[in-house]
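Residues -28 to -1, 1 to 310 (mature numbering (1 follows the signal peptide of the UniProt record, and there is no 0)) are what the sequence shown spells out, left to right. C-beta atoms are modelled at their ideal positions from N, C-alpha and C, and glycine is treated no differently. Quick caveat: nothing in here was measured; it's all calculated off a predicted structure.
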Amino acid sequence: MSIRSGRRLSAVAVTVATVTGTSALAPAASAKTPEPTPSTSVTPLSAAGNGSVTILKKDPDGVVLAGATFTLLDSTGKQADSGTTNAEGQLAFQDLAPGVYRLKEVASGSPLYEVVDDQDVIVTPGADTPLTITDPFEAAKVLLQAKDDKTGKLLSGATVNIGTGDSTLLTMTTGAKGTASGELPVSSRKTQFWVKEIKAPAGYKLYSPSKSFTAGPGTPVTVTVTNSKAVTGSTSPVPTQKPTAQPTSTAPMTGDSAAPSESPTGHTAMDTGSSPAAGVSREATPKTQAGSLAHTGTDATPWLLGGAGLLVAGGIAIVVAARTRRSDRDENSTPSNG
């Protein structure tokens, strides 16, 4: 009851002061505090002194990314909040007590992107902390092969550099199976790379041309270099035996009247149609072909030599006899002096 009367008296005093203009009652009117007008921009009393964090998620090309999941941990490692970016790539953590938090990207929301490293975020009283996070592209999966350019055989020991522009991004060497694998960082959805061999496999020439290829984020790509064998000497084949001027065939040569034949006794028969001298020449130098098989049976060489000697001796005797007869005729035909 006393509270209600207190309120009535106060109201009467305000009325009197207004009508009479008496300054003595003015202080009673100023003691009344007007109620604040509600506003949506004013932070609720329950969040007074707290702050917030707003995330904008993009890729290296500037495209906003939806579906990325983040977790916010307080200074004790306890989860303070978590959420996923919307279609505009945004996520807000509100009503956070001031302090240092740890922001962790749990998932990128796409196989084309990698998550960023954890980072610290400072929340200040009554303020919003904006963060723009750019997820890098997922690295391309590279398979290197070195092959023989003729047979296609995989070769070990080939070393190549792979890069873009003036930068070398990856160095690979083929192993025992002739292959090597690695991850190649990409900066766009389609990135142009070059590959150059800096060391050839043992026994092979260096693959001097520089090849180029295109790779995308998270996609596998195969790079192949081919090597030709190094020349160690003359390429002409080395003969396995000395060439012979004579044919290896045992058939009679064209133009011969007949080949010597063996008699039933094993002696070489003479060609009766040829002169003795021709017979001697033919038998003394038999045309034995190189590479022919050896004859079987009795060797006729001694008989041939003996026959040749008899023929020579008979020829000499005939010549001597002819000269003797010529001399006798000359003597008989000479006239006597008497």
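Take the Cβ of residue i as the centre, count every other Cβ of all protein chains shown within 10 Å, and call the residue buried at 16 or more, exposed below.
i	result
N199	buried
V252	In this predicted model, V252 has a pLDDT of only 40, less than 50, meaning its place in the structure is not dependable; the value taken from the coordinates is given anyway. The residue in question, V252, is buried, as its Cβ has 16 or more Cβ neighbours within 10 Å.
P189	buried
I61	For clarity, residue 61 is Gly in the given sequence; the question names Ile instead. That one is buried.
T57	buried
A112	buried
G23	buried
V95	buried
D99	The identity of residue 99 in the sequence shown is Ala, whereas the question assumes Asp. Exposed: under 16 other Cβ atoms inside 10 Å.
K29	buried
A187	buried
residue 326	With the chain running from -28 to 310 in the structure shown, residue 326 is simply not present.
A130	buried
K122	exposed
Please return the same chain residues whose Cβ sits closer than 7 Å to the Cβ of residue i, not counting the five positions on each side in sequence.
i	result
L127	A118, K119, D120, T146, G150, P173, Y176, N199
I288	none
L45	Q51, A52, Y73, R74, K76
L141	I134, G135, L156, P157
A202	G175, Y176, K177
V132	L116, M144, V167, K168, E169, I170, V197
T194	L115, Q117
S47	G71, V72
A59	A38
I290	none
Looking only at its chain, what residues have a beta carbon closer than 8 Å to the beta carbon of residue i, apart from the 5 residues adjacent to it on each side?
i	result
R(-21)	Caution is warranted here: a pLDDT of 38 is assigned to R(-21), below 50, making its placement in the model unreliable, and the coordinate value is therefore given only provisionally. Cβ neighbours of R(-21) beyond the five flanking positions: none.
F165	I134, G135, T136, L141, L156, S184, F185, T186, A187
P70	G21, N22, G23, V95, T96, P97
Tell me the rounded alpha-carbon separation between residue i and residue j.
i	j	result
A152	R161	24 Å
V35	T26	17 Å
T68	F42	Residue identity check: residue 68 is Leu in the sequence provided, not Thr. Each residue's Cα considered, the two are about 15 Å apart.
P102	V78	19 Å
P181	L116	16 Å
T196	S139	20 Å
V167	D31	27 Å
Y85	L37	10 Å
T104	S184	34 Å
I170	V158	22 Å
G49	D92	12 Å
S82	F109	10 Å
K125	G154	21 Å
Y179	T163	23 Å
L283	A294	17 Å
V114	D90	27 Å
Q66	S54	11 Å
T204	D33	52 Å
A64	T191	33 Å
R297	G286	17 Å
With a CB to CB cut of under 6 Å and the five nearest residues on each side skipped, what residues in its chain are close to residue i?
i	result
S80	A40, V87, D107
Classify residue i as helix, strand or coil using the three-state DSSP reduction.
i	result
G55	strand
L84	coil
A64	strand
A172	coil
A112	strand
G287	helix
D228	Summary for D228: the model assigns pLDDT 43, below 50, so the residue's position carries little reliability, and this model does not support an answer.
R161	coil
G38	Reading the sequence as shown, one finds Ala at residue 38 and not Gly. It is coil, neither helix nor strand.
A187	strand
residue 384	The structure shown does not extend to residue 384, since the chain spans only -28 to 310, so no value can be given for it.
A118	strand
A293	helix
Y179	coil
L127	coil
D100	strand
D92	strand
V25	strand
A152	strand
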